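Read through the structure below, which is laid out as structure tokens, and then see the notes.
This is the structure in structure tokens:
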């Protein structure tokens, strides 16, 4: 059987999300922390880019897409104009395709105006090994040639396996390699929070450790 | 999903919906300027075609290449097959070169099934005799679903040479799985033996009268009159076939204006389908071709990209 997307949602690998069973970890960001972090990231992006010029946001499915949308809403409030928003699926660019059961790809949506010559800000939830970002850079290569690519993440938990760093970070979260960082967002999970928990059997059930999308 | 795709029966409804979802994403890739995904990098797919084919073979070839697989075409003509090599030896020879996927078309029903027992490679049936052609059925249903939104409770008419049609057999199985009501229409001589008993099991209806079926149809699928398999007198003349079972200009006027017209190709224009119908706005024939690439990318991806044991 082909696992569907829902089977790979990192926060709820075994069915319905019930606070208490799967989510016994410690809350490191609550809804208000997430909101403040995103507001700061939005301002940082604008400050770094000196406004909206050539700016494009690309969310990495699934949670990066929600975060990119939230950032774009904040930017629209500050600047009074929309920043082009897209999504970039990386499923077929992963370097561990052969090590996992096959997963269906997510939707890739080109931002209005494309990415050629633009300042693209990739948005994802957790930065861990850096492999998701590497895959995203490859995927972007097939879509066009941006002038600059930057990376915004809600949580940077360390343990990079590739020479990749984030430009905008919501929270630097020191973690042990054998801990799990779980991001829940209203849009996909019904809650806003980030938790850290000791690794349990969940990870060994094929849940991707990055907290990254399937 | 099963390791191989030999028959529509290898797929359950969930598999079909996963394949369609992926195909929809692949459809978007077809519109990009760089039509290349790295998912099957380093994997090798052999198209082993013992019967003539343009669209199925080239569609599998493009699908494989867009997924970065190495695709090799072996056709019976100009290969050792014409020197008298057996199917088994051909397959074992090709497989021994380290092939990951084998797309096979063969004139004998059950050939793909047989081949799957000789090799470790993933086998995809691209048409075996008068048995099945699963990827054609998938692309037909996918095309109809995109045009009509859903196949649930839709009335689909399949018209033509049913006896020799593997497309029809695969389509019956798949459309039934997806909830469509199928009526098959053919002259008595081209209705397969035992169809009455089978239609009860498989949940479809049969008719000899196209004019009775057509006005109620939400979609119509015309099958090719397979001249190469017509070694008996199935109908008196081509003209007579057209009068009774062709989708003529007159019948096109009776058909619902939004009912898609499908034809697996190649079309015998003027025989089973009039040019007016083939080129009508409601004709889905070219949609089917582009859907063919998307569906085959989806199938190759799901059968070949993941971990080897197929957990």
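Protein chains in written order, with the numbering used here: chain A, 1 to 214; chain B, 1001 to 1311.
Glycine is no exception: its CB is placed at the ideal position from the N, C-alpha and C atoms.
Every value quoted in this text rests on a predicted model; they were computed, and no experiment measured them.
Residue-level contact to chain A via CB, residue 1004 of chain B, 7 angstroms cutoff | By 1-based counting over the second chain, the position of residue 1004 of chain B is 4. Chain A, which has no Cβ nearer than 7 angstroms to the Cβ of residue 1004 of chain B, makes this no.
From B:1270, B:1238 and B:1088, residue whose alpha carbon lies closest to that of residue 1111 of chain B = Residue numbering aside, residue 1111 of chain B sits at position 111 when the second chain is read from its first letter. Looking at the Cα atoms, B:1088 is the closest of the given residues.
Partners in chain A for residue 1022 of chain B, counting only beta-carbon separations shorter than 7 angstroms | Numbered from 1 along the second chain, position 22 holds the residue referred to as residue 1022 of chain B. Under the 7 angstroms cutoff, chain A gives 104 and 105.
Distance between beta carbons of residue 193 of chain A and residue 30 of chain A, contact taken as under 8 angstroms = Here residue 30 of chain A is taken as the residue at index 30 of the first chain, counted from 1. Here residue 193 of chain A is taken as the residue at index 193 of the first chain, counted from 1. Indeed they touch by this definition, with Cβ atoms about 5 angstroms apart.
Could you work out which residues of chain A lie near residue 1038 of chain B, taking near to mean beta carbons separated by less than 8 angstroms?
-> Position 38 of the second chain, counted from the first residue, corresponds to residue 1038 of chain B. 92, 93 and 138, listed in chain order.
Does any CB atom of chain B fall closer than 7 angstroms to the CB of residue 111 of chain A?
-> The count along the first chain starts at 1 and reaches residue 111 of chain A at position 111. False, the Cβ-Cβ gap to chain B never drops below 7 angstroms.
Touch check for the stretch 1291 to 1301 of chain B and the stretch 1125 to 1141 of chain B: three-plus C-beta pairs under 8 angstroms?
-> yes
Using a Cβ cut-off of 7 angstroms (strictly closer), state whether residue 1016 of chain B contacts chain A.
-> Walking along the second chain from the start, residue 1016 of chain B turns up at place 16. False, the Cβ-Cβ gap to chain A never drops below 7 angstroms.
Going by beta carbon distance, what residues of the same chain come within less than 6 angstroms of residue 1219 of chain B, once the five residues before and after it are set aside?
-> Working through the second chain from its first residue, we reach residue 1219 of chain B at position 219. Cβ neighbours of residue 1219 of chain B beyond the five flanking positions: 1144, 1156, 1259 and 1260.
May I have the straight-line CA-CA distance separating residue 197 of chain A from residue 1180 of chain B, to the nearest angstrom?
-> If you number the first chain from 1, residue 197 of chain A lands on position 197. If you number the second chain from 1, residue 1180 of chain B lands on position 180. Taking the straight line from one Cα to the other gives about 48 angstroms.
Would you tell me roughly how many angstroms separate the C-alpha atoms of residue 1058 of chain B and residue 179 of chain A, rounded to the nearest one?
-> If you number the second chain from 1, residue 1058 of chain B lands on position 58. If you number the first chain from 1, residue 179 of chain A lands on position 179. Each residue's Cα considered, the two are about 49 angstroms apart.
Is residue 1226 of chain B closer than 7 angstroms to residue 1164 of chain B when the C-beta atoms are compared?
-> As a working mapping, residue 1164 of chain B is identified with position 164 in the second chain. As a working mapping, residue 1226 of chain B is identified with position 226 in the second chain. A distance below 7 angstroms separates the beta carbons of residue 1164 of chain B and residue 1226 of chain B.
Kindly list the residues whose CB is nearer than 8 angstroms to the CB of residue 1245 of chain B, restricted to its own chain and excluding five residues on each side of it in sequence; keep chain order.
-> For this step, residue 1245 of chain B is matched to residue 245 along the second chain. Taking residue 1245 of chain B as the centre and dropping the five residues before and after it, the same chain places the C-beta of 1159, 1160, 1185, 1186, 1187, 1210 and 1272 closer than 8 angstroms to its C-beta, in chain order.
Taking residue 1130 of chain B as the reference, which of B:1103, B:1162 and B:1147 has the closest Cα?
-> The residue given as residue 1130 of chain B occupies position 130 in the second chain. Here the closest residue by C-alpha is B:1162.
Distance between residue 1152 of chain B and residue 1178 of chain B (C-alpha atoms, nearest Å) = Within the second chain, numbered from 1, the residue matching residue 1178 of chain B stands at position 178. Within the second chain, numbered from 1, the residue matching residue 1152 of chain B stands at position 152. About 6 angstroms.
Would you say residue 1280 of chain B faces chain A, with C-beta separation under 7 angstroms as the test?
-> Locating residue 1280 of chain B in the second chain gives position 280, where the first residue counts as 1. So, not an interface residue.
What does residue 97 of chain A reach in chain B if we use C-beta pairs closer than 8 angstroms?
-> Position 97 of the first chain holds residue 97 of chain A. Chain B residues near residue 97 of chain A: 1039, 1305 and 1306.
Segment limits, alpha helix (DSSP H) that includes residue 42 of chain A = For this step, residue 42 of chain A is matched to residue 42 along the first chain. Counting along the chain, the alpha helix (DSSP H) containing residue 42 of chain A begins and ends at 31 to 49.
Would you tell me roughly how many angstroms separate the C-alpha atoms of residue 210 of chain A and residue 161 of chain A, rounded to the nearest one?
-> Walking along the first chain from the start, residue 210 of chain A turns up at place 210. Walking along the first chain from the start, residue 161 of chain A turns up at place 161. Because residue 210 of chain A sits at a pLDDT of 47, beneath the cut-off of 50, its placement in the model cannot be relied upon, and the following sentence gives the value as read from the coordinates. Cα to Cα, the separation comes out at about 11 angstroms.
Under 9 angstroms (Cβ pairs) to chain B, residues found in the stretch 141 to 159 of chain A = 141, 142, 143 and 144
Comparing alpha-carbon positions, which option in A:116, A:123 and A:126 lies nearest residue 147 of chain A?
-> As a position in the first chain, residue 147 of chain A is number 147, starting the count at 1. Nearest of A:116, A:123 and A:126 to residue 147 of chain A, Cα basis: A:116.
State the Cα-Cα distance for the pair residue 167 of chain A and residue 151 of chain A, rounded to the nearest angstrom.
-> Here residue 167 of chain A refers to the residue found at position 167 of the first chain. Here residue 151 of chain A refers to the residue found at position 151 of the first chain. Approximately 5 angstroms, taken between the alpha carbons.
Could you check which residue in B:1223, B:1078 and B:1249 has the C-alpha nearest to that of residue 1166 of chain B?
-> Taking the second chain and counting its residues from 1, the one referred to as residue 1166 of chain B is at position 166. Selected option, being the one with the closest Cα: B:1223.
What residues of chain B sit near residue 87 of chain A, judged by a beta carbon separation below 9 angstroms?
-> One-based indexing of the first chain puts residue 87 of chain A at position 87. Neighbours of residue 87 of chain A on chain B: none; closest Cβ ~11 angstroms, over 9 angstroms.
Could you tell me which of A:71, A:84, A:47 and A:56 sits nearest to residue 125 of chain A, measuring between CA atoms?
-> What you label residue 125 of chain A is simply residue 125 of the first chain in a count that begins at 1. Taking only the C-alpha atoms, the option nearest residue 125 of chain A is A:71.
Assess, as a yes-or-no matter, whether the stretch 106 to 123 of chain A is touched by the stretch 76 to 95 of chain A under the definition of 3 or more beta carbon pairs within less than 8 angstroms.
-> yes
Could you check if residue 1154 of chain B is buried or exposed, using at least 16 other CB atoms within 10 Å of its CB as the buried criterion?
-> Residue mapping note: residue 1154 of chain B aligns to position 154 of the second chain, counting from 1. When all chains shown are included, residue 1154 of chain B counts as buried.
Using only the heavy atoms of the ligand HEM, determine whether one of them is closer than 6 angstroms to the beta carbon of residue 1263 of chain B.
-> The ligand HEM is absent from the structure shown, which contains no ligand whatsoever.
Bridge partner(s) assigned by DSSP for residue 124 of chain A | Locating residue 124 of chain A in the first chain gives position 124, where the first residue counts as 1. For residue 124 of chain A, which the question treats as bridged, DSSP gives the partners A:153.
Best match in A:174, A:83 and A:75 for proximity to residue 127 of chain A [C-alpha to C-alpha] = For the purposes of this step, residue 127 of chain A is taken as the residue at position 127 of the first chain. Looking at the Cα atoms, A:174 is the closest of the given residues.
Any chance the stretch 1074 to 1090 of chain B sits against the stretch 1027 to 1044 of chain B, with 3 or more Cβ pairs inside 8 angstroms?
-> no
Taking C-beta to C-beta, are residue 1037 of chain B and residue 1067 of chain B nearer than 7 angstroms?
-> For this step, residue 1037 of chain B is matched to residue 37 along the second chain. For this step, residue 1067 of chain B is matched to residue 67 along the second chain. It is a contact, given that the beta carbons lie within the stated cut-off.
Smallest Cα separation from residue 103 of chain A: which of B:1242, B:1127, B:1277 and B:1001?
-> Indexing the first chain from 1 puts residue 103 of chain A at position 103. Of the listed residues, the one whose Cα sits closest to residue 103 of chain A is B:1001.
Using a Cβ cut-off of 7 angstroms (strictly closer), state whether residue 1156 of chain B contacts chain A.
-> On the second chain, residue 1156 of chain B is found 156 positions in, with the first residue counted as 1. Using beta-carbon distances, residue 1156 of chain B does not count as an interface residue toward chain A, since no partner is under 7 angstroms.
Would you tell me roughly how many angstroms separate the C-alpha atoms of residue 1202 of chain B and residue 1170 of chain B, rounded to the nearest one?
-> Against the second chain, residue 1202 of chain B aligns to sequence position 202. Against the second chain, residue 1170 of chain B aligns to sequence position 170. Using only the alpha carbons, I get a separation of about 11 angstroms.
Around the Cβ of residue 189 of chain A, are there at least 16 other Cβ atoms within 10 angstroms (buried) or fewer (exposed)?
-> On the first chain, position 189 is the one that residue 189 of chain A refers to. It counts as buried.
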